[in-house]
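*Asks:* Got a structure for you, questions after.
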Amino acid sequence: MTSSRTWLVTGASSGLGAAVAEAALQAGHNVIATARNCIKAAEANPRISKLGGTWIELDVTSPNTTKLVEDAISKAGGVIDVIVNNAGYSLLGSIEDMSENEIEAQFSTNVYGAVRVLKGVLPFMRARKSGTVVNISSSAGIDGLPTCAMYAGTKFALEGMSESLSRELEPFGIRVLVVEPGSLRTNFWSAYVEPVAGMNKAYAGTPLENVLQAFKTNKGTQPGDAVKCAQRILEVVDDTGMGVGKGSLLRLPLVPDCYKRLQSKVDALQETLLQTKEIAHSTGF
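Residue numbers (the working numbering): 776 to 1060.
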């Protein structure tokens, strides 16, 4: 039986974030759930409150994020065991059509937002020399599809940041887990953002437009179950169920489509290494 821990889950208003918050509560943990609009989030997810979860209003793009997180943890008793950086969205389209403001907003939410939250959480974890950081990446964090240049860019950034963090935080007893969900049957993809400028006509009929159209028509057909994914995350964090013995994992791919893309990426990287071995070794002093 896992002892009760305190979790903070960002972007808990819907989808995977809401599912993780609910799974943690059902397992007997304390949960601080964040959303940009707590009233709407609580109405959409009544079980979180009924199970004892606490809502706080948090927009991770705000410069006040770190202080708000610190205040929420202090109010909860000054202990935080698990942080789940889940808040995010996808900006899809050609980078030619994206304004700098649109690109900055994408990175401010998906990358800097996680950093702002971590700055509020890590001092508490370091003080107790324990804790788990769960950064929600994506299959796009290992394999960038057409239309996803900026979204994949943010997830690749989160992946690299997490790799370094895992090594930096190990001396403090803090674990980092990168979760890589495939396509989930949630409202995530129906809530994606396209550039205000629209699509450059030069991309008509190209892979970019084809993939974008596929995203637009896949609602309700995605292969991933957010509730099952949330349960697997919980188990890996708590060392229970299918997560027993997985405490050393840095990455957790979820949904068969993500696993397949990760396997293809590993195979391609191996082939690249084989083809470039002689070239790489020819360039030393």
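All C-beta atoms in this analysis are idealised placements derived from N, C-alpha and C, irrespective of residue type, glycine included. No experiment lies behind these values; they were computed from the predicted model shown.
Just to confirm the assignment, what range does the beta strand (DSSP E) spanning E955 have?
*Replies:* Where E955 is concerned, the enclosing beta strand (DSSP E) stretches over 949-956.
*Asks:* Quick check: E955 and I917, are their CB atoms within less than 8 Å of each other?
*Replies:* The answer is yes: Cβ separation under 8 Å.
*Asks:* Quick one: Cα of I911 to Cα of H1056, how far?
*Replies:* Whole-angstrom Cα-Cα distance: 36 Å.
*Asks:* Determine the direct distance from the alpha carbon of D856 to that of T781, and round the result to whole angstroms.
*Replies:* So the two alpha carbons sit approximately 5 Å from each other.
*Asks:* Put G906 into one of helix, strand or coil per three-state DSSP.
*Replies:* In the structure shown, G906 sits in a strand (DSSP, three-state: E or B).
*Asks:* Just mark Q988 as buried or exposed, buried being the case when its beta carbon has 16 or more other beta carbons within 10 Å.
*Replies:* Q988 is exposed by the Cβ-count criterion.
*Asks:* With three or more C-beta pairs closer than 8 Å as the rule, is the region 792-810 touching the region 825-833?
*Replies:* The region 825-833 is in contact with the region 792-810.
*Asks:* Reducing DSSP to helix, strand and coil, say where V1012 ends up.
*Replies:* Three-state DSSP puts V1012 in a helix.
*Asks:* Where does F1060 land, buried or exposed, given buried means 16+ other C-beta within 10 angstroms?
*Replies:* Exposed, by the Cβ-count rule.
*Asks:* Among the candidates A802, T996, S914, whose CA atom is the shortest distance from the CA of G1016?
*Replies:* Per the Cα distances, A802.
*Asks:* Going by CA-CA distance only, name the one from K815, A966, L897 that's closest to K994.
*Replies:* Per the Cα distances, A966.
*Asks:* From what residue to what residue does the beta strand (DSSP E) around P859 run?
*Replies:* Rather than Pro, the amino acid found at residue 859 in this sequence is Val. Taken as a continuous stretch (DSSP letters only), the beta strand (DSSP E) holding V859 covers 857-860.
*Asks:* Nearest-angstrom Cα distance between N812 and L833?
*Replies:* Approximately 8 Å between the Cα atoms of the pair.
*Asks:* State the Cα-Cα distance for the pair T836 and G888, rounded to the nearest angstrom.
*Replies:* Cα-Cα distance, rounded: 6 Å.
*Asks:* Could you check the C-alpha separation between T840 and V784 for me, to the nearest Å?
*Replies:* Spanning the two alpha carbons is a distance of roughly 13 Å.
*Asks:* In angstroms, rounded to a whole number, what distance separates the CA positions of Q1050 and V1041?
*Replies:* One C-alpha to the other measures close to 14 Å.
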